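These notes are about the structure you will find just below.
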Amino acid sequence: MIFPLAKPLPSSIMQKPSGCVQRPEVFSRDIPPCRVWQANGFLFCRTMVFAGRRKNKLPNRANCAILNQIYGFVRKNDRPAGRGLEVMALQMRLKGLSTHYIDLPGEKTPVLFLHGWGARLELYQPVFDLLQQRGYRVAAFDMPGVGQTEEPTAPLTLADYVAFTLDFCRALGLEKVILMAHSHGGRIALTMLSDPTCPVAVEKAVLIDAAGVRLPASPSAKLRQTGYKLFKRLGTGKFTAPLFGDLYEEMRDRRASADYKAASPVMRATMNNVLIDLRDKMPAVKVPVLLIYGENDTATPVEHGKLMESLIPGAGLAVIRGAGHFSYADNWPQFSAVLKAFL
């Protein structure tokens, strides 16, 4: 089921502008320089950025994938002139960590935004701008080990992320919010939404390409996992490592995601801690929830969104055409129209 919209979407926003004319502008002062084209009243932005490559030769998706192919579609003159995240960037200490955050002013219900794994706040500026244009206060923070927030000294659990988020809300006096989350932030949001004792009241929620579903492994996947565990023992054993060490490392590199490879040992352990299935918590969610998933998302497939829709009372699913894991960046016109209709 597609989420029922308050008003129909114009057909013009369902596709990229045509007949683009290049303009020498910068989409955001916080996002590296890019080329901007104007067409049909939209600004079409494509940023070409390449992050530093690590030893494994793979770029960190959290640092560059969204920037490597980010599309921002905004109506002409929609952006507040001269406003960037660096103007509102602040620091506080949470759980002993120096934490980078933003608190953008607005008169409407505050929007608490929880970002995805490794995706610093600057990547979501088009979303923040839209919310501010509609009068919402926007509060968000770089999670531990991301952006300008210090990395924890020990691995975190999902409960630690929730506690960190609640401390942030207390520090800013956020008692009632609209909860918005992307990818990994969805796990935190689902945990908060399903807890009847959560001290922060949530009016409604928007989960974008949200994580939280972990399906049982298929028989073939279980067989591969068994083989991997065997090679791990051989590749790390005292007497067998000289023979099997290189083969194990090659197999490990093929299996690991770009996020995992780019993470420090502490954050790798943290990732393992939070990769849990939250389907049992979803029926306890009592507020309206808009689920937005990219049609071509491979990290959190549309099937996960359909499962969430079936388990969360009052949830509705919107599928963003032609979009991947950063659905707002791949198809801003449709994404922004769906979000506006829900808000």
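In case it helps, this note's numbering puts the sequence shown at residues 19 to 361.
Note that beta-carbon positions come from the ideal geometry of N, C-alpha and C, so glycine has one too.
Quantities reported herein were computed from a predicted structural model and do not represent experimental measurements.
Whole-angstrom C-beta distance between residue j and residue i, which should lie under 8 Å
i, j, result
"Leu335", "Arg297", "Between Arg297 and Leu335 the Cβ distance is about 15 Å, and since that is not below 8 Å, they are no contact."
"Lys126", "Arg155", "7 Å"
"Val305", "Leu184", "That pair is no contact at about 17 Å."
"Tyr346", "Ile226", "7 Å"
"Thr258", "Leu252", "4 Å"
"Glu313", "Gly340", "6 Å"
Straight-line Cα distance separating residue j from residue i
i, j, result
"Arg232", "Met326", "11 Å"
"Gly124", "Gly191", "14 Å"
"Glu321", "Glu268", "31 Å"
"Ala207", "Gly255", "41 Å"
"Tyr119", "Gly153", "19 Å"
"Gly134", "His202", "5 Å"
"His343", "Pro128", "25 Å"
"Pro260", "Asn290", "27 Å"
"Ser354", "Ser282", "34 Å"
"Gln364", "Val307", "The requested residue 364 does not occur in the structure, where the chain is confined to residues 19 to 361."
"Val218", "Phe186", "11 Å"
"Thr318", "Phe131", "18 Å"
"Gly165", "Leu176", "19 Å"
"Leu309", "Arg286", "28 Å"
"Thr316", "Pro162", "25 Å"
"Lys299", "Lys113", "26 Å"
"Trp350", "Gln143", "12 Å"
"Thr171", "Ala137", "20 Å"
"Lys324", "Thr209", "19 Å"
"Glu168", "Gln150", "27 Å"
"Ala189", "Lys222", "21 Å"
"Pro301", "Cys216", "16 Å"
"Asp363", "Gly230", "Outside the shown range of the chain, which is 19 to 361, sits residue 363, and nothing can be said about it."
"Gly263", "Val303", "47 Å"
"Thr288", "Arg111", "20 Å"
Proximity below 8 Å, CB of residue i to CB of residue j
i, j, result
"Ile338", "Tyr311", "yes"
"Pro214", "Val284", "no"
"Ala181", "Ala228", "no"
"Leu139", "Ala158", "yes"
"Leu108", "Asp121", "yes"
"Arg205", "Val292", "yes"
"Leu357", "Leu115", "no"
"Thr117", "Asp160", "yes"
"Val224", "Phe360", "yes"
Helix, strand or coil at residue i [DSSP, three-state]
i, result
"Arg111", "strand"
"Arg286", "helix"
"Asp121", "strand"
"Val44", "The predicted model places Val44 with a pLDDT of 30, which falls under 50 and marks its position as unreliable, so this point remains unresolved."
"Arg53", "Its pLDDT being 31, under 50, Arg53 is placed unreliably in this model, and the value from its coordinates should be taken loosely. Note: Arg53 maps to strand in three-state DSSP."
"Leu184", "helix"
"Glu1", "One cannot answer for residue 1 here, as it falls past the ends of the chain, which runs 19 to 361."
"His202", "helix"
"Tyr154", "strand"
"Ser212", "coil"
"Leu192", "coil"
"Pro260", "helix"
"Phe344", "coil"
"Lys299", "helix"
"Thr167", "coil"
"Leu132", "strand"
"Thr254", "helix"
"Leu308", "strand"
"Leu293", "coil"
"Leu361", "coil"
"Ile226", "strand"
"Leu197", "strand"
Cβ-heavy atom distance, residue i to the ligand ATP, below 7 Å
i, result
"Asp121", "For the ligand ATP, the structure offers nothing, since it holds no ligand at all."
Cβ of residue i within 8 Å of any chain C Cβ
i, result
"Leu197", "Included in the structure is just one protein chain, with no chain C present."
Practice task
Taking only runs that begin and end inside the segment 314-338, name each unbroken alpha helix (DSSP H) of 4 or more residues, in chain order.
Solution key: 320-329
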